[in-house]
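Number of protein chains: 2
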Amino acid sequence: MKTQHRSAPRLAKRIEKLTGSVARDILSRTRDKDIISFAGGLPDASLWQDLKLPEVPPAAYQYGPSEGERSLRSILAARSQSLGLDASADTTLVTSGSQQGLDLAAKLILEPGSPIILEAPSYLAAIQVFKLFQAELHSLALDSEGICPQALDQLLEETQAPVIYLNPTFQNPSGTSYSLERRQQIAAVLDRHDTILLEDDPYRDIAYGAPPAPPIASFLKRCPWIYLTSVSKTLIPGLRLGSLTCSPELFDPLLKLKQAADLHSNRPAQFIASQMLADPQTNYKRVAHLCEHYRKKRDLMQNCLKSSFSEIAVWDIPSGGMFFWLNFKNDFDLSAALSDALARGVAFMPGAPFFAESKQAGCCMRINFSLVSPEKMEEGIRILADVVRGLQQPITCADSAL
Amino acid sequence: MKTQHRSAPRLAKRIEKLTGSVARDILSRTRDKDIISFAGGLPDASLWQDLKLPEVPPAAYQYGPSEGERSLRSILAARSQSLGLDASADTTLVTSGSQQGLDLAAKLILEPGSPIILEAPSYLAAIQVFKLFQAELHSLALDSEGICPQALDQLLEETQAPVIYLNPTFQNPSGTSYSLERRQQIAAVLDRHDTILLEDDPYRDIAYGAPPAPPIASFLKRCPWIYLTSVSKTLIPGLRLGSLTCSPELFDPLLKLKQAADLHSNRPAQFIASQMLADPQTNYKRVAHLCEHYRKKRDLMQNCLKSSFSEIAVWDIPSGGMFFWLNFKNDFDLSAALSDALARGVAFMPGAPFFAESKQAGCCMRINFSLVSPEKMEEGIRILADVVRGLQQPITCADSAL
């Protein structure tokens, strides 16, 4: 026997703040099971069922530069420039997914106790990272156009936060897309304060109507900024590639942090992404096809929700991205709903983990529409409505009697 | 003009401790240039010039589990078990290279001011990570069998360090391989203290003689441990894959840290590695061929060094790994040597960055023998000797007169 009594290992204080991602926990509970999952933010695999990856040349087998392949950085920088960002290949870093961009930004800026401002709700894996770095999380409610610029101004004044994290385009989870005016107002507020804007923009290309307004970072005049993107949503998530573009003074420390984190990102993946993104027209067609595919799924989901949830919840129809965000009119036990739903083969994401401050959490649910097939979507929403109605009306037993 | 006067962005204190890797800086200065580089630790690309990667199935395009693919975890765990580690697939995490293992371990254990014990010299990218996490670095000199167990016992007593970082097998940079007895003695010392062993073992398979003794972690009875490996040295570094196996109580927080760092590692790469490592016999043959190839290079390098450096430096012939470690008998200006050598088309690694405490740094040089072709190796060492002799004997101009 090897194991004798061990005292608990001495770990860093930040580990007390360490939470797993609820989404990934649910994903791992549902993996390899025949479950209808509205829980994650996974692309529809049918989009790439016939896709063969380009052959990777042996030159990509060797160690490579920490900042990423020049070809890919140039493509990503050109895209940032086309959105109005003051970007170049020299200020663009290839990351191992936009999640790594969050880790690098947190390392760059956050001390234990650093105030950080974010949206309520916000992206749950970002909340997880900021908590891990022991930041003090302050959040501002979203309305249909974004956070309120005056409230932001006041909170910046009060907290002197060194950083604000926003996901202003087809936000995960709420689907909110900030109006042009609101973006400009927020940029103006940020320019009056000494605060870094961390703008996360993975869903921009998945637009079901007019193209979204330019990034907030494109309107800044003096505020430093970090702009994160991902290829996971529109290309291939398994590649784990994203990018970070930033104002020039932040690039060098971010590059060194990238070196220390994983030396550099997978090179065959960078080669594949460069090949697949190199021709703008091919790429445009591919993304247009993807958007049309997801738009149909969004419309079907809207129809399903309308017939099953319109009496008990309210929501906006998302104009981009991958999620519906339901606000329930009456409170009920969402963890019980999750257990019941999982038992009946359906997964969803409860809203609470998306709120940095629990006082702001309403009774909400995030429902993904990109992954599930049309047939399963109808069945899944019917089961989910059934589960929720059962919990909302504990006295009538009509459902279970059927 | 977008840019107006900006005040310096407010960054975390750890950024003051942020250094780039000297090796990667030299690499990036020498990239795309026709330079003879003894500086990095790059595999010989001729080993894979005819290698075609296995075709990746579309199943690997989707998001995957944070802990890594089961197939790869099982292969890696089996290898750890064969080395005597108390390991299983359940306590094995796929990482984005062993560098990420260092980042995750640092996040798990280090606070600002945490004492950490390491070897002098030690792996420079590990020193970089520990400094970034604001640890207090304490180092113990290596002799030909490793660090001294009594000195370790005393330093653990004095510092109460929560963690020790060791690279006991064909160490980078020194090439030292700890004897079996020393490993057992060190394990016994660690078991008497409440300290986590972080054991980095990327070079184990590159052995030119008898197989090295089992990992120190395999001799532990109660001390918690994290064991890092890499596929970069014997398979394909561009994949950026490594693994971490640990005592069970550390796995859950490390998995959550991995989630927060990059969700999961590149899946096509995991698929490729699983395919290539699946058959032990094929793998054994591939590694044996690689070792024979590198052994010849080591022998050639030894001959070159013997004729050019034996009067001015001492070194051990490495019994594994990728490096010679030269200790010069007289001090001279190594940065001047590096500049001169680069100007003449040769790169090497000065020794100083491998020492956590500068007081311990002698006049040393790390010379890699895996990358450079045999023809270039002779030429490169001749130039390097010429440069060093020029700096060591500034009065005699014999060399430049030839």
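Residue numbers (our numbering), protein chains in the order written: chain A, 36 to 437; chain B, 36 to 437.
All residues carry an ideal CB built from backbone N, CA and C; glycine is no exception.
This structure is a prediction, so every number in the text was calculated from the model and none was measured.
- In the DSSP assignment, A:G425 falls within the alpha helix (DSSP H) that extends over 409-427.
- Of A:V91, A:L143, A:G75, the smallest CA-CA separation from A:A160 is found for A:G75.
- Leaving aside the five residues that flank A:L255 on each side, the residues in its chain whose CB is nearer than 7 Å to its CB run, in chain order, A222, L225, D226, L232.
- Under the Cβ distance rule, A:K332 does not count among the residues neighbouring chain B, no pair being separated by less than 8 Å.
- According to DSSP, B:L191 shares a beta bridge with no other residue.
- The continuous beta strand (DSSP E) containing B:E171 extends over residues 171-176.
- Under the Cβ criterion (8 Å, minimum of three pairs), the segment 408-415 of chain A does not count as touching the segment 46-58 of chain B.
- Contact note: B:Y200 does not reach chain A at a C-beta cutoff of 9 Å; the least C-beta distance is about 14 Å.
- Distance from the CA of A:P197 to the CA of B:L86, rounded to the nearest whole angstrom, comes to 49 Å.
- Contact of A:D297 with chain B is assigned, a C-beta pair being separated by under 8 Å.
- Going by DSSP, A:N338 is part of no beta strand (DSSP E) but of the alpha helix (DSSP H) stretching over 315-344.
- Shown in chain order are the members of the segment 130-153 of chain A whose Cβ falls below 9 Å from a Cβ of chain B: T130, S131, G132, Q134, Q135, L137, D138, A141, K142, L143, I144, L145, E146, P147, S149.
- In this structure, A:Y243 sits near A:C326, with a CB-CB distance shorter than 8 Å.
- Not a single CB atom of chain A sits nearer than 8 Å to the CB of B:D366.
- Between A:P250 and A:L426, the gap from beta carbon to beta carbon reaches 8 Å or more.
- The beta carbons of B:P93 and B:K268 sit about 30 Å from each other, so the pair does not count as a contact at 8 Å.
- B:R401 is bridged by DSSP to B:W360, B:M384.
- In terms of beta-carbon proximity, B:Y262 stays away from the interface with chain A, with every pair separated by 8 Å or more.
- Taking the CA atoms as reference points, B:A155 sits about 39 Å from A:I151.
- Contact of A:P250 with chain B by beta-carbon distance below 8 Å is absent, the smallest such distance being about 13 Å.
- By the Cβ-count criterion, A:D236 is buried, with 16 or more other Cβ atoms from all chains shown falling within 10 Å of its own Cβ.
- Interface flag for B:A382 against chain A is unset, since no Cβ pair is found closer than 8 Å.
- For B:A94, the secondary structure class from DSSP, reduced to helix, strand or coil, is helix.
- Residue contact with chain A for B:I347: absent (no Cβ-Cβ distance below 8 Å to any residue of chain A).
- Residue pairing by DSSP places A:T280 opposite A:T127, A:Y262 in a beta bridge.
- Secondary-structure assignment with DSSP links A:V349 through a beta bridge to A:N362.
- With distances taken between CA atoms, B:P100 lies nearest to B:N301 out of B:F344, B:Q206, B:P44, B:N301.
- Annotation: Cβ neighbours of A:S42 in chain B (cutoff 9 Å, chain order): D229, R257.
- In terms of CA proximity to A:G132, B:H299 leads the group B:P203, B:H299, B:L312, B:H228.
- For the segment 155-172 of chain B, the beta-carbon criterion of a distance under 8 Å to any beta-carbon of chain A is satisfied by A160, Q163, V164, L167.
- Counting only unbroken stretches of 4 or more residues, the alpha helix (DSSP H) elements lying wholly within the segment 137-175 of chain B are 159-167, in sequence order.
- In the same chain as B:S109, and ignoring 5 residues on each side of it, the C-beta atoms closer than 7 Å to its own belong to A124, in chain order.
- Boundaries of the beta strand (DSSP E) harbouring B:L201: 198-201, taken from the DSSP string.
- Of the residues assessed, A:V349 falls on the exposed side of the cut-off, its CB having fewer than 16 other CB atoms within 10 angstroms.
- One Cα belongs to A:T204, the other to B:K394, and the distance between them is close to 53 Å.
- Listed in chain order, the non-local C-beta contacts of B:A420 below 7 Å within the same chain comprise S343, F344, local neighbours out to five positions each way being set aside.
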